[in-house]
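To start, the structure itself, in structure tokens.
There are 2 protein chains.
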Amino acid sequence: MLHVTHKIKKMSKLLQDITSEFAKLPGIGRRTAMRLSMHLLRLDTDSVASMARSIERFRRDIKHCRHCNNLSDEEVCPICMDSDRDRTTICVVEQVADLFSIEATQQYRGLYHVLGGVISPMQGVAPSDLKIDLLMERIAAGDVREVILAISTSVEGETTLFYLMNRLRQYPDVKVTSIARGIGFGDELEYVDELTITHAIMNRREL
Amino acid sequence: MLHVTHKIKKMSKLLQDITSEFAKLPGIGRRTAMRLSMHLLRLDTDSVASMARSIERFRRDIKHCRHCNNLSDEEVCPICMDSDRDRTTICVVEQVADLFSIEATQQYRGLYHVLGGVISPMQGVAPSDLKIDLLMERIAAGDVREVILAISTSVEGETTLFYLMNRLRQYPDVKVTSIARGIGFGDELEYVDELTITHAIMNRREL
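Protein sequences appear in the order of chains H and F. Throughout, the numbering used here is defined as the position within the first sequence, counted from one, plus 1. Throughout, the numbering used here is defined as the position within the second sequence, counted from one, plus 1.
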């Protein structure tokens with residue numbers, strides 16, 4: 002069914018265009034693209050026009066914060082601008098979505114640094130493709146006391162973690178920590194993988 | 002996680018806008034909306050602008066064919082315009098996507114009629130909400146010899162089928178048929194539901 006819309010010569014040009022455009026998005030095949038297109042007909046013209054404008058404007062105007070690489074409307078993002086944040090702590094994350102997951106907890110008051118991915122020789126991502134030098138510059142500036150590495154536990158994530166730890170060794174006064182690994186709240190032990198359980202037992206806490 | 006982006010006061014306005022817009026689409030939650038937004042940053046500005054234009058133009062300019070209710074750029078759709086199609090046969094489908102599935106086979110040479118849904122008292126869809134009167138007008142015009150009902154086998158589909166059969170009885174010269182039900186090619190008997198198997202055995206063919 003993937004190529005249904007390709008085979009149909011007598012299809013509305015407008016419908017062909019929009020399904021091709023939607024199908025450019027990740028995880029959206031031709032069939033879902035058609036379903037999304039049909040849904041647009043249930044929305045009023047103004048709200049679809051506003052959707053179109055948001056898409057174009059986002060791509061054209063969005064910036065990366067020149068300090069932390071977070072997405073931003075200005076040169077510096079709202080978090081880096083906020084004078085209430087603790088400027089001695091930087092939490093390093095892979096991507097912007099991770100930053101928002103941490104922000105949603107409303108518990109972390111430090112700054113962030115968005116790497117923009119993880120080191121992956123397989124996918125051709127070298128350390129120089131990530132915002133690592135920018136992180137080092139921020140630390141070299143001297144205010145930072147702690148760097149929290151909140152990187153995923155994939156093979157690429159671990160590679161990135163070790164690379165960062167090596168680079169950070171040149172600042173012995175800066176504490177380097179990693180977010181705690183363990184059993185998530187609400188997770189049932191029965192379904193948790195062995196590595197996580199092993200780690201959780203080794204790092205048990207006295208009550 | 003559903004409300005992550007709502008809680009973040011210090012998020013880029015552009016990013017907030019676009020994730021809200023994507024989240025209006027069916028089956029797309031906040032998290033997927035964020036993933037789609039991030040993907041736009043990997044496309045060039047022009048191709049995102051072209052996506053935005055297609056979305057706006059589609060909603061603004063698409064029409065429904067005044068004969069068969071298919072989506073169309075003009076008042077009459079390309080299929081109804083095509084003088085090579087057999088005008089004595091109409092295949093009735095629920096939605097435009099069904100029409101394209103049949104067109105993809107390149108076997109059917111008649112015309113279509115898109116109902117725009119099925120009768121569903123539960124969802125408040127009455128016969129008058131569907132393009133049934135338009136179908137009757139086409140048949141009343143006199144050229145039609147056969148109406149093929151290609152309606153799904155859901156409860157609502159069956160209701161719609163019986164309703165249509167009743168309405169069509171006033172044209173005794175018009176043959177009314179339904180698409181064949183049976184075991185699909187490639188389906189394994191082991192996994193086919195009982196109703197389909199029962200039907201397939203009752204309607205067995207001599208070889």
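Every residue gets a Cβ at the ideal spot worked out from N, C-alpha and C, and that includes glycine.
With a threshold of 8 Å on Cβ separation, who are the neighbours of residue i within its own chain once the five nearest residues in sequence on each side are excluded?
i, result
"N204 (chain F)", "A181, R182, G183"
"K64 (chain H)", "L72, S73, D74, E75, E76"
"T20 (chain F)", "T6, R31, A34, M35, S38"
"A127 (chain F)", "I120"
"D47 (chain H)", "none"
"S84 (chain F)", "none"
"H200 (chain F)", "R182, G183"
"L208 (chain F)", "none"
"Q108 (chain H)", "none"
Would residue i pass as an interface residue toward chain H - the criterion being a Cβ-Cβ separation below 8 Å?
i, result
"P79 (chain F)", "yes"
"I91 (chain F)", "no"
"H40 (chain F)", "yes"
"T46 (chain F)", "yes"
"S73 (chain F)", "yes"
"K8 (chain F)", "Confidence in K8 (chain F) is poor, its pLDDT being 49 and thus under 50, which makes the residue's placement too unreliable to answer from."
"A34 (chain F)", "no"
"P173 (chain F)", "no"
"E57 (chain F)", "yes"
"R54 (chain F)", "yes"
Relative to the alpha-carbon of residue i, which residue among the options has its alpha-carbon at the smallest distance?
i, options, result
"T154 (chain H)", "H:Y192, H:F163, H:V148", "H:F163"
"V145 (chain F)", "F:V126, F:V93, F:G125, F:T199", "F:V93"
"E95 (chain F)", "F:R110, F:D85, F:G117, F:R86", "F:G117"
"P122 (chain F)", "F:G158, F:Q108, F:R206, F:T90", "F:G158"
"A98 (chain F)", "F:L208, F:N167, F:G125, F:N70", "F:N70"
"S13 (chain F)", "H:G185, H:D45, H:H68, H:C78", "H:C78"
"D45 (chain H)", "F:R58, F:L208, F:D45, F:A142", "F:R58"
"I133 (chain F)", "F:L208, F:H68, F:Y192", "F:H68"
"D62 (chain F)", "H:Q107, H:R206, H:D18", "H:D18"
Can the beta-carbon of residue i be found less than 8 Å from the beta-carbon of residue j?
i, j, result
"C81 (chain H)", "L112 (chain H)", "yes"
"L26 (chain H)", "L16 (chain F)", "no"
"L190 (chain H)", "I198 (chain H)", "yes"
"L136 (chain H)", "H114 (chain H)", "yes"
"C49 (chain H)", "I56 (chain F)", "Checking the sequence, you will find Val at residue 49 (chain H) rather than Cys. Taking 8 Å as the Cβ cut-off, V49 (chain H) and I56 (chain F) qualify as a contacting pair."
"R54 (chain H)", "R86 (chain H)", "no"
"V148 (chain F)", "I91 (chain F)", "yes"
"E22 (chain H)", "M52 (chain F)", "yes"
"S129 (chain F)", "L150 (chain F)", "no"
"M166 (chain H)", "V156 (chain H)", "no"
Can you list, in chain order, the residues of its chain with a C-beta nearer than 7 Å to that of residue i? Leave out the 5 residues immediately preceding and following it.
i, result
"K209 (chain F)", "Residue coverage of chain F in this structure runs from 2 to 208, which leaves residue 209 (chain F) outside it and unanswerable."
"A24 (chain H)", "G30, R31, A34"
"R88 (chain H)", "L112, D144"
"L100 (chain F)", "N71, V94, Y113, V115"
Could you tell me how far apart the beta carbons of residue i and residue j are, in whole angstroms, since I believe they sit closer than 8 Å?
i, j, result
"L42 (chain H)", "R60 (chain F)", "7 Å"
"Y172 (chain H)", "I140 (chain H)", "6 Å"
Does residue i have its Cβ less than 8 Å from a Cβ in chain F?
i, result
"V5 (chain H)", "Summary for V5 (chain H): the model assigns pLDDT 49, below 50, so the residue's position carries little reliability; its value from the coordinates is reported in the next sentence. True, the Cβ-Cβ gap to chain F drops below 8 Å."
"D188 (chain H)", "no"
"I180 (chain H)", "no"
"D83 (chain H)", "yes"
"A24 (chain H)", "no"
"R60 (chain H)", "yes"
"D99 (chain H)", "no"
"K132 (chain H)", "no"
"A127 (chain H)", "no"
"D18 (chain H)", "yes"
"V49 (chain H)", "yes"
"S13 (chain H)", "yes"
"L37 (chain H)", "yes"
"I103 (chain H)", "no"
"I63 (chain H)", "yes"
"P122 (chain H)", "no"
Under 6 Å Cβ to Cβ from residue i, same chain only, skipping five residues before and after it: list those, please.
i, result
"T161 (chain F)", "V119, I120, I152"
"V193 (chain F)", "I184"
Quick check: does the Cβ of residue i come within less than 7 Å of any heavy atom belonging to the ligand SAH?
i, result
"S84 (chain F)", "Inclusion of the ligand SAH in the displayed structure is not the case, the ligand content being empty and no account of it being possible."
Please list, in chain order, the residues of the stretch 142-162 of chain H that have any C-beta partner in chain A closer than 9 Å. Here chain A cannot be found, since the structure's protein chains are H and F.
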